[in-house]
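Heads up, the sequence shown is in my numbering, so the first residue is 21 and it goes up one at a time.
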Amino acid sequence: MTQGSDGNNRGSVDRRTSDRVVIDRGPGRDRAILLQDGRVVEVLADYSHAPNRIGSIHRARIDRVVK
Numbered sequence: 021m022t023q024g025s026d027g028n029n030r031g032s033v034d035r036r037t038s039d040r041v042v043i044d045r046g047p048g049r050d051r052a053i054l055l056q057d058g059r060v061v062e063v064l065a066d067y068s069h070a071p072n073r074i075g076s077i078h079r080a081r082i083d084r085v086v087k
C-alpha cells in the first residue's frame with residue numbers, strides 16, 4: 021500500500037502481466053499460442069510438414085466423360 025499526500029492509503033496496482041507460450045506439435049503441424057493473463061493474444065501455425073501431393077500417383081477408373 022502507498023500513502024498519498026493527503027495521508028490516505030491507496031492500493032498499489034501491480035502492472036505485471038502473466039505471459040505464457042504454449043507449443044503444440046503433431047504430425048504435419050506445429051503451433052505456438054501466446055497467452056497474456058490467460059487470454060489468447062496470438063496464434064502461429066506451421067503446416068509445412070504436411071505431405072506434398074504434387075507428383076503423387078493415384079489409381080482411378082473413369083466411368084464417363086462429360087462434354
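Backbone N, C-alpha and C fix where the C-beta goes; we use that ideal spot for every residue, glycine too.
Fair warning: this is a prediction, and the values are worked out from it, not measured in the lab.
Practice task
For the beta strand (DSSP E) containing Ala52, list its first residue and its last residue.
Solution key: Note, Ala52: beta strand (DSSP E), Arg49 to Gln56.
Can you tell which of Ser68, Ser76 and Val86 has the C-alpha that lies nearest to the C-alpha of Arg45? Ser68
query = Any idea if Asp66 is buried or exposed, counting beta-carbon neighbours within 10 angstroms, 16 or more meaning buried?
reply = exposed
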